[in-house]
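**Student:** Got a structure here, written out as structure tokens. Questions coming.
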Amino acid sequence: MGVSIDRVFAKVALGAALFVLFILGALFIVLYKESSLSIQAFGVWKFITSQVWNPPLEKFGGAPAIFGTLVSTVIAIAIAVPVAIGIAIFLTEIAPHFLRTPVGVAIELLAAIPSIIYGMWGLFYFAPFMRDKVQPIIHATLGKLPVVGSFFSGYTPGIGLLTASVVLSIMILPFTAAIARDSFKMVPDILKESAYALGATKWDVMKDVVIPYAKLGVIGGIILSLGRALGETMAVTFVMGNQPVIPSSILEPATSITVTLANEFTEADTDLYLSSLFYLALILFVMSFFVIVVGKFFFLKKVER
Amino acid sequence: MDAFQKRKLVNGIVLVLSTLAAVFGIMWLFWILGTLIYKGFFALSIEVFIGDPPSPGDETGGLKHAIVGQLLIVLTATVIGIPLGVLAGTYLSEYGRNSKLANFIRDMSDVMMSVPSIVIGTFIYALLVKPVGHFMGFAGSLSLAIMMIPIVLRTTDDMLRMVPPELREAAYALGATKFKVIKDVVYRSAITGIVTGVILAVARIGGETAPLLFTSFNNNFFTLDMTQPMASLTVTMYDYAMSPYKYWQELAWAAAIILTVGVLGANILGRLIAHYGFKK
Chain Z
1 MGVSIDRVFA
11 KVALGAALFV
21 LFILGALFIV
31 LYKESSLSIQ
41 AFGVWKFITS
51 QVWNPPLEKF
61 GGAPAIFGTL
71 VSTVIAIAIA
81 VPVAIGIAIF
91 LTEIAPHFLR
101 TPVGVAIELL
111 AAIPSIIYGM
121 WGLFYFAPFM
131 RDKVQPIIHA
141 TLGKLPVVGS
151 FFSGYTPGIG
161 LLTASVVLSI
171 MILPFTAAIA
181 RDSFKMVPDI
191 LKESAYALGA
201 TKWDVMKDVV
211 IPYAKLGVIG
221 GIILSLGRAL
231 GETMAVTFVM
241 GNQPVIPSSI
251 LEPATSITVT
261 LANEFTEADT
271 DLYLSSLFYL
281 ALILFVMSFF
291 VIVVGKFFFL
301 KKVER
Chain X
1 MDAFQKRKLV
11 NGIVLVLSTL
21 AAVFGIMWLF
31 WILGTLIYKG
41 FFALSIEVFI
51 GDPPSPGDET
61 GGLKHAIVGQ
71 LLIVLTATVI
81 GIPLGVLAGT
91 YLSEYGRNSK
101 LANFIRDMSD
111 VMMSVPSIVI
121 GTFIYALLVK
131 PVGHFMGFAG
141 SLSLAIMMIP
151 IVLRTTDDML
161 RMVPPELREA
171 AYALGATKFK
181 VIKDVVYRSA
191 ITGIVTGVIL
201 AVARIGGETA
211 PLLFTSFNNN
221 FFTLDMTQPM
231 ASLTVTMYDY
241 AMSPYKYWQE
251 LAWAAAIILT
261 VGVLGANILG
271 RLIAHYGFKK
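As you go down the protein sequences, you meet chains Z and X in turn. Residue numbers for the first sequence, in the numbering used here: 1 to 305. Residue numbers for the second sequence, in the numbering used here: 1 to 280.
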């Protein structure tokens, strides 16, 4: 009797573990199957490069959504990473000891706030702030530059690519800062102390000891944040504008894969429309899969060893 | 200026810059939290908790349907996700250990943890909602459960592996079977860690909106029927915030603060259990 419970439990546990593989495989297969109609109609390259997203005419191209996803992610990372590293330096090297734990815990708790809160705040407070205060300044300065000026001008209702990118960067900031801080903390004190003993300043220690030592962990963390930003939905859905075009200026409304899915999935009235949305979901899945695999296995695995 | 002064100057500049970065980052977060507390606090009332859903243009009504829906959806997700996650973690720690299969499952589970939540929503839509023909609360629970499994798996695996092998060996020496060792020795010594992991996983999925958008969808009526579309705090927040009605937008802020208090409360509870549980 005891033996049979033993065997059953072992089988059940193995089954549960294999279930993880099953789900991941099923995700890929189901998304591929659902998008096959659209893949047949538009192909791969044509779908990725076509800018036409016109449901009434049944013409679907993924370029605007893919463009929005990539550009908003890149801008968000460009803003979040320097600030996050600054926070990590502050927390590990500058802040007085009695501040480190509370500020550190506060940042971790902020990472737990639901992303929809960031989105709502973005819609009601940050978008009007961008429209009334920030964008006129950008128009008057960057917008006047030759050649690149057109990226910073145009019709600017407050919601748009830049606003969404900034909200996204705030959303991933606590996450990125926490990873950077943990990587910095892993540097053995003895290494830092030796450098201080040789007369190094705090910045010398950061630059020549801490950052080289923690580099892989920080890069891995940045890539994980990138994966998070790619798939983030609610923080950007409110403030992106859901315009299926590639905007000529980063101040203008745009769309992204997640924004398109959130807004249009329940409204898709034809098979080809729905299938094209699944196609976008598949592309997002594949993109984030690669980002995660690179970040986790190429960088963070080396840190563990 | 000699080299030493120059180094000191650069050092000073960098320290000021990183302090400013910290202030800059924390300022945003305070702005968001301040808004949430200010707007949410004034939107709260007894009516919010017990009132029926408002009609367009109404000035009364509450979130009872969404609060109950949220609890039901998350509870069902927990009931599905936790046994699977704990069992899978048990396999990795107690049976697989460092076998190739176990390591592969660990890696894939980490990958699954980072799959965009909206993609999981589309997956369940194709699997469950489309064949059945309508949205349902249970589908929402299922997509949240899929998000929970890798988190619970990871903490269970980590916590069980921290149990000293001597404890297991002692039990085996007394003639216990493997199942008995796991049930009475391993689980018992790792229970604090597992509970912490479970609570943190609930906190993590409790605030998710994207996977519910096309699974449980929304329902402007009170329902306990998991086979029907079901309102949740998050999706209701999304719909109300986007609506043109002032009162609905206020309800969205009320939902926001209820949700945040719930999610942060669970998070802090998990941390406290971990902190005090491990001290002993």
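No residue lacks a Cβ here, since even glycine has one placed at the ideal position from N, Cα and C.
1) Which of the residues in the segment 178 to 212 of chain Z, read from start to end, lie with their CB under 8 Å from any CB of chain X?
2) Would Pro244 (chain Z) count as contacting chain X if we go by Cβ distances under 8 Å?
3) Please look up how many angstroms separate the CB atoms of Pro236 (chain X) and Ala66 (chain X), rounded, as I've assumed it's under 8 Å.
4) Would you tell me roughly how many angstroms separate the C-alpha atoms of Ile87 (chain Z) and Val134 (chain Z), rounded to the nearest one?
5) Does the structure place the segment 189 to 205 of chain Z close enough to the segment 131 to 149 of chain Z that three or more beta carbon pairs sit under 8 Å?
6) Go to Gly25 (chain X), then tell me how far its alpha helix (DSSP H) extends in each direction, as first and last residue.
7) Please compile the residues from chain Z whose C-beta is within a distance smaller than 7 Å of the C-beta of Gly81 (chain X).
8) Please work out which residues of its chain come closer than 6 Å, Cβ to Cβ, to Ile75 (chain Z), disregarding the five sequence neighbours upstream and downstream, and give them in chain order.
9) So which residues on chain Z does Val261 (chain X) lean against when the C-beta distance must stay under 9 Å?
10) Which residue wins for smallest C-alpha separation from Pro114 (chain Z), given the options X:Leu269, X:Arg271, X:Thr196, X:Tyr238?
11) Could you name the residues of chain Z that Asn319 (chain X) contacts, counting a contact when the two beta carbons are closer than 9 Å?
12) So which residues of chain X does Val20 (chain Z) contact, with C-beta pairs closer than 8 Å?
13) List, in chain order, every chain Z residue whose beta-carbon is nearer than 9 Å to that of Asn267 (chain X).
14) Starting from the beta carbon of Tyr238 (chain X), find every residue of chain A whose beta carbon is closer than 9 Å, and list them in chain order.
15) Taking all protein chains shown into account, do 16 or more other C-beta atoms lie within 10 angstroms of the C-beta of Lys296 (chain Z), making it buried, or fewer, making it exposed?
16) Report the partner residues of Phe60 (chain Z) according to the DSSP bridge assignment.
17) Please name the residues in the segment 18 to 39 of chain X whose beta-carbon is closer than 9 Å to at least one beta-carbon of chain Z, in chain order.
18) Would Leu284 (chain Z) pass as a contact of Ile257 (chain Z) if the rule is Cβ separation under 8 Å?
19) Quick check on DSSP: helix, strand or coil for Gly227 (chain Z)?
20) Does DSSP classify Ala176 (chain X) as helix, strand or coil?
21) Run through the segment 164 to 199 of chain Z for me and flag every whole alpha helix (DSSP H) of 4 or more residues, listed as ranges in chain order.
22) Grab me the residues of Gly119 (chain Z)'s own chain with a C-beta within less than 8 Å of its C-beta, minus the 5 sequence neighbours each way, in chain order.
23) Who pairs with Gly241 (chain Z) in a beta bridge, going by DSSP?
24) If distances are taken between C-alpha atoms only, which option among X:Asp225, X:Met108, X:Thr234 comes closest to Phe214 (chain X)?
25) Distance cutoff 8 Å, beta carbons only. Does Val185 (chain X) sit that close to anything in chain Z?
26) Taking the alpha-carbon positions, what's the Val185 (chain X) to Met159 (chain X) distance?
27) Could one say the Cβ of Thr60 (chain X) lies closer than 8 Å to chain Z's Cβ atoms, at least one of them?
28) If the cut-off is 9 Å on Cβ atoms, which residues from the segment 112 to 130 of chain X count as contacting chain Z, listed in chain order?
29) Can you list the residues of chain X that Asp6 (chain Z) reaches, using a CB-CB cut of under 9 Å?
30) Specify the secondary structure class of Ser93 (chain X) as computed by DSSP and reduced to three states.
31) Which residues in chain X have a C-beta closer than 8 Å to the C-beta of Thr258 (chain Z)? List them in chain order.
32) Step through the CB atoms of chain X and report whether any lies within less than 8 Å of the CB of Ser225 (chain Z).
33) Helix, strand or coil, according to DSSP, for Glu59 (chain X) in the structure here?
34) Distance cutoff 8 Å, beta carbons only. Does Arg7 (chain X) sit that close to anything in chain Z?
35) Between Thr101 (chain Z) and chain X, is the shortest Cβ-Cβ distance under 8 Å, so that the two count as touching?
36) Starting from Phe278 (chain X), find everything on chain Z with Cβ-Cβ shorter than 7 Å and list it in chain order.
**Tutor:** By the coordinates alone:
1) Thr201, Lys202, Trp203, Asp204, Met206
2) Within the first sequence, the letter at position 244 stands for residue 244 (chain Z). It does not; no Cβ of chain X falls within 8 Å.
3) The residue labelled residue 236 (chain X) in the question sits at position 236 within the second sequence. The residue labelled residue 66 (chain X) in the question sits at position 66 within the second sequence. Note that residue 236 (chain X) corresponds to Thr in the displayed sequence, not to Pro. Yes, Thr236 (chain X) and Ala66 (chain X) are in contact; Cβ-Cβ is about 4 Å, under 8 Å.
4) On the first sequence, position 87 is the one that residue 87 (chain Z) refers to. On the first sequence, position 134 is the one that residue 134 (chain Z) refers to. Spanning the two alpha carbons is a distance of roughly 24 Å.
5) no
6) Along the second sequence, one-based indexing puts residue 25 (chain X) at 25. Counting along the chain, Gly25 (chain X) sits inside the alpha helix (DSSP H) bounded by residues 3 to 43.
7) Looking up residue 81 (chain X) in the second sequence gives position 81. Near Gly81 (chain X) there are no residues of chain Z at all, since even the closest Cβ is about 11 Å away, more than 7 Å.
8) The residue labelled residue 75 (chain Z) in the question sits at position 75 within the first sequence. Here the set comprises Ser165.
9) Residue mapping note: residue 261 (chain X) aligns to position 261 of the second sequence, counting from 1. The premise fails here: Val261 (chain X) is roughly 11 Å from chain Z at the closest Cβ pair, so nothing lies under 9 Å.
10) Taking the first residue of the first sequence as position 1, residue 114 (chain Z) is located at position 114. Closest option to Pro114 (chain Z), Cα to Cα, is X:Tyr238.
11) Only positions 1 to 280 of chain X appear in the structure, and residue 319 (chain X) is not among them; the question remains open.
12) Within the first sequence, the letter at position 20 stands for residue 20 (chain Z). Those within 8 Å of Val20 (chain Z) in chain X are Ala88, Ile105, Met108, Ser109, Met112, Ile149, Pro150, Leu153.
13) Along the second sequence, one-based indexing puts residue 267 (chain X) at 267. The contact set of Asn267 (chain X) on chain Z, defined by CB atoms closer than 9 Å, consists of Glu108, Leu109, Ala112 in chain order.
14) Note that chain A does not occur in the displayed structure, where the protein chains are Z and X.
15) Reading the first sequence from its first residue, position 296 is the one you call residue 296 (chain Z). Classification of Lys296 (chain Z): buried, given that the 10 Å Cβ count is 16 or more.
16) Within the first sequence, residue 60 (chain Z) is the residue found at index 60, counting from 1. Note: Phe60 (chain Z) sits in a beta bridge opposite Z:Trp53.
17) Ser18, Thr19, Leu20, Ala21, Ala22, Val23, Phe24, Gly25, Ile26, Trp28, Leu29, Trp31, Ile32, Leu33, Thr35, Leu36, Lys39
18) Residue numbering aside, residue 284 (chain Z) sits at position 284 when the first sequence is read from its first letter. Residue numbering aside, residue 257 (chain Z) sits at position 257 when the first sequence is read from its first letter. Their beta carbons are under 8 Å apart, which means Leu284 (chain Z) touches Ile257 (chain Z) by this criterion.
19) Taking the first sequence and counting its residues from 1, the one referred to as residue 227 (chain Z) is at position 227. For Gly227 (chain Z), the three-state secondary structure derived from DSSP is helix.
20) Within the second sequence, numbered from 1, the residue matching residue 176 (chain X) stands at position 176. Ala176 (chain X) falls in the coil class under three-state DSSP.
21) DSSP runs (the alpha helix (DSSP H)) wholly in the segment 164 to 199 of chain Z: 189 to 197.
22) Along the first sequence, one-based indexing puts residue 119 (chain Z) at 119. The answer, listed in chain order, is Val167, Met234, Ala235, Val236, Thr237, Phe238, Val239.
23) Along the first sequence, one-based indexing puts residue 241 (chain Z) at 241. Answer by DSSP bridge pairing, in chain order: Z:Ala254.
24) In the second sequence, the residue the question calls residue 214 (chain X) occupies position 214. Looking at the Cα atoms, X:Thr234 is the closest of the given residues.
25) Reading the second sequence from its first residue, position 185 is the one you call residue 185 (chain X). For Val185 (chain X), the answer is no, since every Cβ of chain Z falls outside 8 Å of its Cβ.
26) The count along the second sequence starts at 1 and reaches residue 185 (chain X) at position 185. The count along the second sequence starts at 1 and reaches residue 159 (chain X) at position 159. Going from the Cα of Val185 (chain X) to the Cα of Met159 (chain X) covers about 13 Å.
27) Locating residue 60 (chain X) in the second sequence gives position 60, where the first residue counts as 1. Judged by the 8 Å Cβ criterion, Thr60 (chain X) is not in contact with chain Z.
28) Met112, Met113, Ser114, Val115, Pro116, Ser117, Ile118, Val119, Ile120, Gly121, Thr122, Phe123, Tyr125, Ala126, Leu127, Lys130
29) For the purposes of this step, residue 6 (chain Z) is taken as the residue at position 6 of the first sequence. Here the neighbours are Thr177, Lys178, Phe179, Lys180.
30) Stepping through the second sequence from its first residue, residue 93 (chain X) is reached at position 93. Three-state result, Ser93 (chain X): helix.
31) Taking the first residue of the first sequence as position 1, residue 258 (chain Z) is located at position 258. Within chain X, the residues near Thr258 (chain Z) are Pro116, Ile118, Ala210.
32) For the purposes of this step, residue 225 (chain Z) is identified with residue 225 of the first sequence, where counting begins at 1. No - not a single Cβ of chain X is within 8 Å of the one on Ser225 (chain Z).
33) By 1-based counting over the second sequence, the position of residue 59 (chain X) is 59. Coil, per DSSP.
34) Reading the second sequence from its first residue, position 7 is the one you call residue 7 (chain X). Yes, contact with chain Z.
35) Translated into the one-based positions of the first sequence, residue 101 (chain Z) becomes position 101. By this cut-off, Thr101 (chain Z) is not an interface position.
36) Residue 278 (chain X) sits at position 278 when you count from the first residue of the second sequence. Here the premise fails: no neighbours, minimum Cβ distance about 16 Å.
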